[in-house]
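Colleague:
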Amino acid sequence: MRNAIIACKMISDEIILAMSITNCRYPIIWLDDSLHMSPSKLHDRLQEEIKKLNKYHYDYILFAYGYCGNAFINIESGNSSLVIPKINDCIDMLLYGTDVKSKHKGCYYLTRGWLENDLAIGKEYDLCIQRFGEKRAKRIMDVMLANYNSMVMIDTGAYDIKKYEMQAKTLADRLGLDLLTVKGNIQILVDMFSGKWNDQLFCILEPQNTISMYHFDGCECSNMPQIYEANNVMTAF
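The opening residue of the sequence shown carries number 3 in this note's numbering; numbering runs sequentially from there.
1) By a C-beta neighbour count over all protein chains shown, 10 Å radius and 16 as the cutoff for buried, is Asp113 buried or exposed?
2) Between the C-alpha atoms of His38 and Leu117, what's the straight-line distance to the nearest angstrom?
3) Relative to the alpha-carbon of Tyr110, which residue among Ile123, Thr100 and Gly99 has its alpha-carbon at the smallest distance?
4) By DSSP's criteria, Asp180 is part of a beta bridge. Which residues make up the other side?
5) Which same chain residues end up closer than 7 Å to Phe239 when comparing Cβ atoms and leaving out the 5 residues on each side of it in sequence?
6) Could you spell out where the beta strand (DSSP E) holding Cys92 opens and where it closes?
7) Span of the alpha helix (DSSP H) holding Trp116?
8) Tell me which same chain residues have a C-beta within less than 6 Å of the C-beta of Ile190, skipping the five on either side of it?
9) The beta strand (DSSP E) that contains Ser42, what's its start and end?
10) For the putative contact between Ser83 and Tyr62, defined by C-beta atoms under 8 Å, what is the C-beta separation to the nearest angstrom?
11) Taking C-beta to C-beta, are Leu181 and Lys171 nearer than 8 Å?
12) Measuring straight from C-alpha to C-alpha, what distance separates Ile17 and His106?
13) The beta strand (DSSP E) that contains Tyr127, what's its start and end?
14) Give a yes or no on whether the C-beta atoms belonging to Leu44 and Ile8 are separated by under 8 Å.
15) For Thr158, count neighbouring C-beta atoms within 10 Å of its own C-beta (all shown protein chains included) and say buried if the count is 16 or more, exposed if not.
16) Measuring straight from C-alpha to C-alpha, what distance separates Asp201 and Leu129?
17) Would Met153 and Leu121 qualify as a contact pair, given that the criterion is a beta-carbon distance under 8 Å?
18) When DSSP labels each residue in this structure, what does Lys185 get in the three-state scheme?
19) Report all residues from its chain with a CB closer than 8 Å to the CB of Asn1; omit the five preceding and five following residues, and keep chain order.
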């Protein structure tokens, strides 16, 4: 059976660990994490990559992605089967089976990937300061983070969390948020890469089909606190 993976760079640490644990050697296509800023662009890129893989007649294409704001709706499988976790986003993936979200409301979640990528909130803050000065930048951040009271560092076991907690604490202090560290996991990725595709947890789309909301039945795609793009709120101040 010939399988391939399409994955988000944001969780590359966790994906690489899961592939190591399962001895998975499938070819992997990494998509830029900036695509999350526009579900329509993510949708188009996903479809483009599926069509490319269809040419090589892969049996299954596995997605290290969540629901991601309707990005998968109307995706066509072509001549491959698609396997997609029935989860809201990467945060839900890394907190699978825990009660973290129910216990900690209004949290902005972090991993090393979220701390260090080009769209990291700390880098957004620095950019705002450069463009508008400290005072106005602080007002912009207050709007962007209005629904949050804490930052939560997710320990997924993919790296030494202690090396990044201080960086996260410094960021949380700058933004006026508390910092918590919680235990996460990569079980969904391990199950996916080892072929344990429980239909309660994974959407399995057969060849020559199109994804609809029906296929995500059972997905806890709840309404999350909204965080606004900095570029959309800068001019308001």
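Glycine is no exception: its CB is placed at the ideal position from the N, C-alpha and C atoms.
Only a predicted model underlies this, so the values are computations on that prediction, with no experimental measurement involved.
Modeller: By the coordinates alone:
1) In the sequence under discussion, the amino acid at residue 113 is Thr, which differs from the Asp named in the question. Burial call: buried.
2) 16 Å
3) The shortest C-alpha separation from Tyr110 is found at Ile123.
4) Ser152
5) With a pLDDT of 42 at Phe239, under the threshold of 50, the predicted position of this residue should be treated as unreliable, and no value is reported.
6) Not the beta strand (DSSP E): Cys92 falls in the alpha helix (DSSP H), residues Cys92 to Leu96.
7) That run of the alpha helix (DSSP H) goes Arg114 to Glu118.
8) Pro87, Met95 and Tyr98
9) Annotation: Ser42 is outside any beta strand (DSSP E); the continuous alpha helix (DSSP H) that includes it extends over Pro41 to Asn56.
10) 5 Å
11) yes
12) Cα-Cα distance, rounded: 25 Å.
13) No beta strand (DSSP E) holds Tyr127; the alpha helix (DSSP H) holding it covers Ile123 to Phe134.
14) no
15) buried
16) So the alpha carbons of these two residues sit roughly 44 Å apart.
17) no
18) Reduced to three states, the DSSP call for Lys185 is strand.
19) The shown model of the chain, from 3 to 239, leaves out residue 1, and the question about it has no answer.
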